[in-house]
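The block underneath contains the structure these notes are about, expressed in structure tokens.
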Amino acid sequence: MPVGLLFGVLAGAQGWAASEILAVSLIGFTGSGQFIWLRIAGEGGGPIAAFAVILLINLRYLPMILTVSAPFHGQGPLKGLAAHMVSDESYAVEGPGDDRPARWAIRAGIFLTWAASTTAGGLLLPVIAGSRAAETLALLAFFPASLLLFTLSVLRLEAAAHTATGRLATRMVTTIAAAAALVLVLYLVLGPQWFWLPGILAAAVLVDRFAFPTTAGPNDGSGGA
């Protein structure tokens, strides 16, 4: 929520109306992309350049969406809406065993909270303009969010590890180690500027397919003798 408030305040300072902030948050729904658009628009850049930069940065969502779209198979347009509401936060919170209603609740909650907080930031601008509140908000906005996402991701892995036994547990550890090694190789080969997208894609596919299978086979150590 602090990040959303900050975006609303900054957008309002550039002359955006609350309705415009709300529309961008609902249609765009990409925190980093919205901040980039705000920066480019403020510097007089065109929409094509802004779209290209935002698209490049948010390509990371493609592997994320592919790995969490299975529960929405056959829902038609609703599947597209569910994909639109995927975020870094929802990806970290959702667990492999979550059913469709639980995933809808997580994504919709984050989606609506983001839209509400950005709009509230725009409405609060006249109140906090010229005060230290805006500066404090900017300083506190990002650290809690990144720390929360990291903690949720670790808890997700820990919960999955506790429920796995036998060969399934061994496969999870081996797959995660292989994914980390592959990302390191890509970093060394492609460099720090280009490794992240293929690294995320490869790691997401490996972990989703092998570390967190939807069903455990008879030899995975999760069943009887």
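One rule links them: number in the working numbering = place in the sequence shown (from 1) + 3.
C-beta atoms are modelled at their ideal positions from N, C-alpha and C, and glycine is treated no differently.
Is the stretch 21-34 in contact with the stretch 45-52, if contact means three or more CB pairs nearer than 8 Å?
-> no
The alpha helix (DSSP H) spanning Q37 covers which residue range?
-> Position 34 of the sequence shown, counted from the first residue, corresponds to residue 37. From DSSP, the alpha helix (DSSP H) with Q37 extends over G34 to G45.
State the CB to CB distance for the pair L204 and P66, rounded to an integer number of angstroms; the pair is presumed to be in contact (CB under 8 Å).
-> Here residue 204 corresponds to residue number 201 of the sequence shown, with the count starting at 1. Here residue 66 corresponds to residue number 63 of the sequence shown, with the count starting at 1. Between P66 and L204 the Cβ distance is about 4 Å, and since that is below 8 Å, they are a contact.
Quick one: is G73 buried, meaning 16 or more other Cβ sit within 10 Å of its Cβ, or exposed?
-> Here residue 73 refers to the residue found at position 70 when the sequence shown is read from its first residue. With the sequence shown as reference, residue 73 is identified as Ala, and Gly is not the correct amino acid for it. So A73 counts as exposed.
Cutoff 6 Å; reference T33; Cβ partners in own chain excluding five residues on either side = Position 30 of the sequence shown, counted from the first residue, corresponds to residue 33. Here the set comprises N61.
Find the nearest neighbour of L115 within the set H87, D211 and D102, judged by alpha-carbon distance.
-> In the sequence shown, residue 115 corresponds to position 112, counting from 1. Closest option to L115, Cα to Cα, is H87.
Could you have a look at P66 and say whether DSSP puts it in helix, strand or coil?
-> For the purposes of this step, residue 66 is taken as the residue at position 63 of the sequence shown. Of the three classes helix, strand and coil, the one that applies to P66 here is helix, per DSSP.
Assign F146 to one of two classes, buried (16 or more other C-beta atoms within 10 Å of its C-beta) or exposed (fewer than that).
-> On the sequence shown, position 143 is the one that residue 146 refers to. A caution first: F146 carries a pLDDT of 48, below 50, which makes its placement in the model too unreliable to give a value.
Going by Cα to Cα distance, which pick from T173, W199, W117 and Q196 is closest to L9?
-> Here residue 9 corresponds to residue number 6 of the sequence shown, with the count starting at 1. For the residues T173, W199, W117 and Q196, the minimum Cα distance to L9 belongs to W117.
With a threshold of 16 other CB atoms inside 10 Å of the CB of D211, please say whether the residue is buried or exposed.
-> As a position in the sequence shown, residue 211 is number 208, starting the count at 1. Result: buried.
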